Amino acid sequence: MRIILAVLSFKRLQEEYSREYKGGILLIDELDATLYGFSQRKLIDYLWNAAKDYKIQIVFTTHSPIILKCVNKYQRREYQEKGIDLPPFAYNSSIVYLEPQYGVDGKRTIMPRNIFSNSELNIVMNDINLTAQGVGNRISIYCEDTCASLFLQFVLSRALNINLELYMNFIDINLGWTNYIQLYEKNVPEFKNNIIVLDGDVPSKPEFASKARVISEAGNFLFLPLVIEKEIFILLKEHNKFTQFQEHYSSVTTFNYDICFSDWPLESDQYNTLDYKNWYKQTEGVLGDYTILFRFWCDNNQENIQEFITDFIQKFNVLAERADVDALPPIEVIRESSLVEEEEI
-16 MRIILAVLSF
-6 KRLQEEYSRE
4 YKGGILLIDE
14 LDATLYGFSQ
24 RKLIDYLWNA
34 AKDYKIQIVF
44 TTHSPIILKC
54 VNKYQRREYQ
64 EKGIDLPPFA
74 YNSSIVYLEP
84 QYGVDGKRTI
94 MPRNIFSNSE
104 LNIVMNDINL
114 TAQGVGNRIS
124 IYCEDTCASL
134 FLQFVLSRAL
144 NINLELYMNF
154 IDINLGWTNY
164 IQLYEKNVPE
174 FKNNIIVLDG
184 DVPSKPEFAS
194 KARVISEAGN
204 FLFLPLVIEK
214 EIFILLKEHN
224 KFTQFQEHYS
234 SVTTFNYDIC
244 FSDWPLESDQ
254 YNTLDYKNWY
264 KQTEGVLGDY
274 TILFRFWCDN
284 NQENIQEFIT
294 DFIQKFNVLA
304 ERADVDALPP
314 IEVIRESSLV
324 EEEEI
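Residue numbers (the numbering used here): -16 to 328.
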């Protein structure tokens, strides 16, 4: 094949003129012409490695969905590994879609558009095939209840600064942790190929010991870094923490400590799960915004949150690679509250 011969000519030049060799450019029209699907994949693998080995910038045109998906997969893998092993020049791969656009006068122009993510590529593929755009493939996220799902969405949105809906689908279903494990053990694909986030108190339950190995080896189970209602209750029960919350988070100035805990005057460890949930429901209703409580707890537990999100990203990206969907970007440092910033100054 002439394409491979062209690459080998660069290899020969590199060997003969090692000091003077600067690399080169290889232009290919309709890369997929006359090639079957398997051959297209193998050719992309070969060209990808050759481009790095022989310092070649390879530019080609194609309409092949197979080639586009292969290149996009390499792009997403590079994005995940960026800054770890490879030098900066290794991150210049791109898919450019020559998109037809029409002006008000009906004049047709061709505009280039860079394609990076799997969701963007799906739009292009639908455009080429003249089909409507759907939601696309996403990883499903299962939690034990709505409160856990809302907390998870809050911390991920805050740390990653992305539109979560492009990457994942939060399933509105309430199942206990034992139900999720049973479904996993029954080899139900939905619960083996998606993320399951269990409450933070699951490892302390007596029944957990018999299932610990299953959860550990599954690779798609995580535990929240807290028992939401209980630990927010405990945190705010401390007078100095409540003062911090009232001064820097809450906008309801009349909601003071005595009102907040009027029905819960005892020490934190004197209450049960139902008590914590009732307190949380009442407090959330008064504040009118559950994210205030989430933000306060997160700002006071930065290390736990960072560790949890790092674990979430790692597990998510393994599943994303398997399902050929977009991986999550690296974690950003979560901004702490103004109070914490003031204390550091």
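We put the beta carbon where it would ideally sit given N, CA and C, even for glycine. Predicted, not measured: the structure shown is a model, and the values here were computed from it.
Q) What are the start and end residues of the beta strand (DSSP E) that includes F225? A) F225 -> not in any beta strand (DSSP E); alpha helix (DSSP H) instead, spanning H222 to H231.
Q. Quick one: Cα of F99 to Cα of L218, how far?
A. 43 Å
(Q) If I follow the unbroken alpha helix (DSSP H) through I242, where does it start and stop? (A) Y240 to C243
Q | T377 to F204 span [Cα, whole Å] | A | This structure cannot settle anything about residue 377, because the visible part of the chain is limited to -16 through 328.
Q | Validate contact between the region 32 to 39 and the region -15 to -6 using beta carbons, cut 8 Å, 3 pairs | A | yes
(Q) Quick test of your reading: A303 and I122, contact by CB under 8 Å. State the CB separation rounded to the nearest angstrom. (A) 6 Å
Q: Can you grab the Cα-Cα spacing for the pair G6 / Q(-3), in whole Å?
A: Their backbone Cα atoms lie some 8 Å apart in a straight line.
(Q) Let me make sure I understand the geometry here. Which of V138, T237, W262 and R(-15) has the alpha-carbon closest to that of E290? (A) Checking every option, the nearest Cα to that of E290 belongs to V138.
Q: Could you round the C-beta distance between V308 and N101 to whole angstroms and report it? I think they count as a contact, below 8 Å.
A: With 8 Å as the limit, V308 and N101 qualify as a contact, their Cβ atoms being about 5 Å apart.
Q. What did DSSP end up calling N109 once you bin it into helix, strand or coil?
A. helix
Q.
Going by DSSP in three states, N97 sits in which element: helix, strand or coil?
A. strand
Q) In this structure, what does DSSP give as the bridge partners for L205? A) V180
Q: My understanding is that R91 touches P83, with C-beta atoms under 8 Å, so please give their C-beta distance in whole angstroms.
A: So it is a contact: roughly 6 Å between Cβ atoms.
**Q.** Alpha carbon of F299 to alpha carbon of D12, nearest angstrom
**A.** 37 Å
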